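Residue numbers (the working numbering), protein chains in the order written: chain P, 7 to 84; chain L, -10 to 907.
Think of the CB as a built atom: it goes at the ideal place given N, C-alpha and C, for glycine as much as any other residue.
Since the model is a prediction, treat every value here as computed from it, not as a measurement.
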């Protein structure tokens, strides 16, 4: 099941984003848009993870692929 | 602010909750359920955000900066995994009517009463501090509202009847009793409670956002200005980094993992996410919407904390009450009142759900099993036990709230909100190993789970609960400094000399280490009983086999006995109805004296599980069954037989589908044959007809010449020309017919070679130049510069192009006629040859028949027939032989375009598979 694999991958990604050592890269003095960089980092990763979760769990629609026009006729007898 | 206003508002708010819960229950009874909705479901999960979130996070942030976020990042991480873990738990719980965490653990490990009781005990002891936390928060916020900014009054009152926390606890007990114990069957949803909790989630979110907006945008000039000012204070600037985090990244990770487990295993979360779940699909929404809720409610925690520190300076106001103190200090009393209600709703929501969840656990997995153990009770209880159990739950609700209140009086004053909550988190984390390992590993055994839970619980009590009594002054501080009786390696905060970790990480490590280690270790060596193996297989394979009617009982009981048993717990009338509807559903007649079928016994057992827990249900059913429960092998055989039957019917279905398909193909082939036969007849009559016309005219002119020898030379020559022309037409016709039949029968010799379509078109255009000159039709040939390589038969392709060109010349007007011939590539695989004229065009109806043999465009449109009607039919055959396609596009009056598409690979040597193509 592809969905299971996607979920596991996303969980691993999220676990990495929210932990040492990636976290330590942003635990420093600095400002983004006038806000502390760590604060901005945590909330944007948070938003990213929940958006991806929604995307992965979205119910799939069954879209029919339209056949290529004009070449779908029966083949000849040679 | 006046006391009566606060009291009236608080009570009025609870009254509103009553009204909401009541009308939601009423709506649910009439079938218009509000809870079958992913948004209400998500909001009810937000019961996770309690007074801890509302008041405690700010306090925590003033000490350790962003570390308060771990409590919400954990659930976000877990929400990603919900689809894999929680969905499985929900499916199992619904299938086997499991109503609580304790029941889940008991049921998984062989419906063990002891395990269910132990888990219940852990839950009650573990959650009591958490309930106390909420009562403390309500009481504290009340005091702040009442007496701010005068801190002197802010002490706990001496007499409990003066204490608002006590009255709040009482009020909540009434609510929990009214909406939590309507039915005895705990699998029936508590819709009123869920809707009320969802409503509370909206209120607390709005209230906290209001506080955040006020502080950030009214007290300060937006978040940037606030943070800028905060950065000027050294002490606050440190909080923006992780340097102020006690225990560093290890603590960060521990708290994240702890809250990941809490979001699933806290009894109140289990109640709303698992037991109250209506539809598994709601998880799809909740898995992203719930983290979004958490994100939004946490946005302003740091700004409020910093604002409070800047505004009040150090030590004057308890940081846990900044949310209220800031608007009060600025004189915004009504805003503060709204925020107070938000905090009140956060606290009450948690207390209500937690108490109900615990009450169901205590009655189903602790008290009822204990009562059933007492021999006398079982015998004497011929009466209706359902009333008794409902009342039992009501008493338990009151006791649990009293317990929480007691802990609050004893301990709570010395602790910050968050620290109390974390003690509970570690306690419920003990449920994670037996459940998570149990639903993925069949080998996890009852003895292992038992050993793990006991060890984990004891270590939790020793390393976290006991020290909390020290801090409250009940035990000498020496315990934490020198260890019990001076034995240093037994120090609760530094067990076996492990002193590097902060108390929470220390407790989490030892308790989970012992818990998981014993669960796995003992399971690897202990033998599982039959019922354990059965339950293990059922839980782990829940998505493989989900047939409900699994038989576990080999012995016999009469239908009457079974119904009586059920009636004692769920009421005789309901039991009768249940059996009647079962009989109807399965199309069988149930008579009291009959032996109950194993499926019915299993069904009754599951119904009982919902009311009294799985372990008790099993005991009760076994008490009326004569004979033994099935062995593991027996059950597995039945399960496998069922899956084999399912597999077999699946294969049968597939076979019949294949058969259907074959029949369909045969029918189509037959139809095609009939059609061909018909076409052949038509062909013969068409050919005869076409041959007769020129023959007739030749014969007529021949006879005239024969019988009139005196005709003058001029006329004789004219007649002979007619004869010659008609003979040519005849020859041409016969040639075409021969051609056609040769191609059709496949006897035509094809000389396939790699050639340039441009070259072919060039030759064909030259050959027809004369016709175009004669009719003064303008022929324009547009060829691309690069060669158009295809595989094909040179002569046949020339014939094709000539046919198309002469056709076009025939149907365009002399003088202003124009024919365009274009060759161009379509994509990598296909080339296109278009012949476009500006003749009268071809109607839709004609377009469909134009490639049929002997079809001639009707005379109304194009004057009298101008051809044999075989040219396009031959074109079609040539295109077919080249694996290509020919079609016509036309609007009547605007000319016609014949389009031939060639595969570049071309001819019979190309790689295209004819099956794939069609």
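Given 8 Å as the limit, is there contact between the stretch 185 to 192 of chain L and the stretch 324 to 339 of chain L, that is, 3 or more CB pairs closer than that? yes
Contact under 9 Å by Cβ, residue 771 (chain L) with residue 815 (chain L): As a working note, residue 771 (chain L) is residue 782 in the second chain. As a working note, residue 815 (chain L) is residue 826 in the second chain. Not closer than 9 Å, so no.
Could you name the residues of chain P that residue 216 (chain L) contacts, counting a contact when the two beta carbons are closer than 7 Å? Locating residue 216 (chain L) in the second chain gives position 227, counting from the first residue. Going along chain P in sequence order, the residues near residue 216 (chain L) (Cβ under 7 Å) are 40, 41 and 42.
Beta carbon of residue 299 (chain L) nearer than 9 Å to that of residue 222 (chain L): To locate residue 299 (chain L), count along the second chain from 1; it is residue 310. To locate residue 222 (chain L), count along the second chain from 1; it is residue 233. A contact, by the Cβ cut-off of 9 Å.
Are the C-beta atoms of residue 777 (chain L) and some chain P residue less than 9 Å apart? Translated into positions along the second chain, residue 777 (chain L) becomes position 788. With 9 Å as the cut-off, residue 777 (chain L) does not count as an interface residue toward chain P.
Find the residues of chain P that neighbour residue 213 (chain L), judging by a C-beta separation of less than 8 Å, and give them in chain order. Within the second chain, residue 213 (chain L) is the residue found at index 224, counting from 1. Per Cβ cutoff of 8 Å: 39, 40 and 41.
Along the stretch 29 to 60 of chain L, what residues have a CB closer than 7 Å to any CB found in chain P? 55 and 58
How is residue 810 (chain L) classed by DSSP in three states: helix, strand or coil? Walking along the second chain from the start, residue 810 (chain L) turns up at place 821. Strand.
Contact under 9 Å by Cβ, residue 169 (chain L) with residue 428 (chain L): Here residue 169 (chain L) corresponds to residue number 180 of the second chain, with the count starting at 1. Here residue 428 (chain L) corresponds to residue number 439 of the second chain, with the count starting at 1. Taking 9 Å as the Cβ cut-off, residue 169 (chain L) and residue 428 (chain L) do not qualify as a contacting pair.
Delimiting residues of the alpha helix (DSSP H) encompassing residue 387 (chain L): In the second chain, the residue the question calls residue 387 (chain L) occupies position 398. First-last of the alpha helix (DSSP H) with residue 387 (chain L): 374 to 399.
Please name the residue, chosen from L:4, L:584 and L:558, that lies closest to residue 595 (chain L) on a Cα-to-Cα basis. To locate residue 595 (chain L), count along the second chain from 1; it is residue 606. Taking only the C-alpha atoms, the option nearest residue 595 (chain L) is L:558.
Taking the beta carbon of residue 681 (chain L) as the centre, do at least 16 other beta carbons fall within 10 Å, making it buried, or is it exposed? The sequence position of residue 681 (chain L) within the second chain is 692, counting from 1. Per the 10 Å Cβ criterion, exposed.
Taking a cut of 7 Å between CB atoms, which residues from the stretch 60 to 75 of chain L lie near chain P? 62, 65, 66, 68, 69, 70, 72 and 73
Residue 890 (chain L) - DSSP class collapsed to helix/strand/coil: Numbered from its first residue, the second chain carries residue 890 (chain L) at position 901. Strand.
Do you know how far the Cα of residue 62 (chain L) is from the Cα of residue 37 (chain L)? Here residue 37 (chain L) refers to the residue found at position 48 when the second chain is read from its first residue. Here residue 62 (chain L) refers to the residue found at position 73 when the second chain is read from its first residue. When rounded, the distance between both Cα atoms is 13 Å.
Would you identify the three-state DSSP class for residue 158 (chain L), choosing helix, strand or coil? Taking the first residue of the second chain as 1, we reach residue 158 (chain L) at position 169. It is helical.
So the alpha helix (DSSP H) residue 4 (chain L) belongs to, where does it begin and stop? Reading the second chain from its first residue, position 15 is the one you call residue 4 (chain L). Unbroken alpha helix (DSSP H) run through residue 4 (chain L): -8 to 18.
Please return the same chain residues whose Cβ sits closer than 6 Å to the Cβ of residue 848 (chain L), not counting the five positions on each side in sequence. In the second chain, the residue the question calls residue 848 (chain L) occupies position 859. No answer about residue 848 (chain L) holds up, because its pLDDT of 44 lies below 50 and its placement is not dependable.
At a Cβ cut of 9 Å, what residues of the stretch 187 to 215 of chain L count as close to chain P, listed as they run along the chain? 211, 212, 213 and 214
Count Cβ pairs between the stretch 516 to 527 of chain L and the stretch 89 to 101 of chain L that sit closer than 8 Å; are there 3 or more? yes
Any Cβ of chain L within less than 9 Å of the Cβ of residue 29 (chain P)? Reading the first chain from its first residue, position 23 is the one you call residue 29 (chain P). By this cut-off, residue 29 (chain P) is an interface position.
Give me the DSSP bridge partner(s) of residue 879 (chain L). Position 890 of the second chain, counted from the first residue, corresponds to residue 879 (chain L). The partner list for residue 879 (chain L) (beta bridge, DSSP) reads L:885.
What number of angstroms, rounded off, separates the C-alpha of residue 880 (chain L) from the C-alpha of residue 825 (chain L)? For this step, residue 880 (chain L) is matched to residue 891 along the second chain. For this step, residue 825 (chain L) is matched to residue 836 along the second chain. Approximately 12 Å between the Cα atoms of the pair.
DSSP three-state call for residue 584 (chain L): helix, strand or coil? Translated into the one-based positions of the second chain, residue 584 (chain L) becomes position 595. Three-state DSSP puts residue 584 (chain L) in a strand.
What are the residues in the stretch 45 to 57 of chain P lying within 8 Å of chain L by C-beta distance? 45, 48, 49, 52, 53, 55, 56 and 57
Tell me the DSSP secondary structure of residue 241 (chain L) in three-state form. On the second chain, residue 241 (chain L) is found 252 positions in, with the first residue counted as 1. Helix.
Rounded distance between the beta-carbons of residue 30 (chain L) and residue 310 (chain L), thought under 8 Å: Counting from 1 along the second chain, the entry for residue 310 (chain L) is found at position 321. Counting from 1 along the second chain, the entry for residue 30 (chain L) is found at position 41. That pair is no contact at about 32 Å.
Are the CB atoms of residue 295 (chain L) and residue 215 (chain L) nearer to each other than 9 Å? By 1-based counting over the second chain, the position of residue 295 (chain L) is 306. By 1-based counting over the second chain, the position of residue 215 (chain L) is 226. Yes, they are a contact pair.
What's the C-alpha gap between residue 26 (chain P) and residue 474 (chain L)? Start at 1 with the first residue of the first chain, and residue 26 (chain P) comes out as number 20. Start at 1 with the first residue of the second chain, and residue 474 (chain L) comes out as number 485. The straight-line gap from Cα to Cα measures roughly 39 Å.
So, are the CB atoms of residue 908 (chain L) and residue 194 (chain L) less than 9 Å apart? With chain L represented from -10 up to 907, any question about residue 908 (chain L) goes unanswered, as that position is not in the structure.
Given that a residue counts as buried once 16 or more other Cβ atoms are within 10 Å of its Cβ, and exposed if not, what is residue 76 (chain L)? On the second chain, residue 76 (chain L) is found 87 positions in, with the first residue counted as 1. Classification of residue 76 (chain L): buried, given that the 10 Å Cβ count is 16 or more.
Residue 245 (chain L) at chain P interface by Cβ criterion, 9 Å: Here residue 245 (chain L) refers to the residue found at position 256 when the second chain is read from its first residue. Chain P contact via Cβ: present.
Which of the three DSSP states is assigned to residue 914 (chain L) in this structure? Residue 914 (chain L) lies beyond the stretch modelled for chain L, which goes from -10 to 907, so this question has no answer here.
Beta carbon of residue 266 (chain L) nearer than 9 Å to that of residue 431 (chain L): Taking the first residue of the second chain as position 1, residue 266 (chain L) is located at position 277. Taking the first residue of the second chain as position 1, residue 431 (chain L) is located at position 442. Contact flag unset, no.
Note down, in chain order, all residues in the stretch 348 to 366 of chain L with a beta-carbon under 7 Å from any beta-carbon belonging to chain P. none
So, residue 871 (chain L) versus residue 781 (chain L), is the Cβ gap smaller than 9 Å? If you number the second chain from 1, residue 871 (chain L) lands on position 882. If you number the second chain from 1, residue 781 (chain L) lands on position 792. Result yes, Cβ atoms of residue 871 (chain L) and residue 781 (chain L) sit closer than 9 Å.
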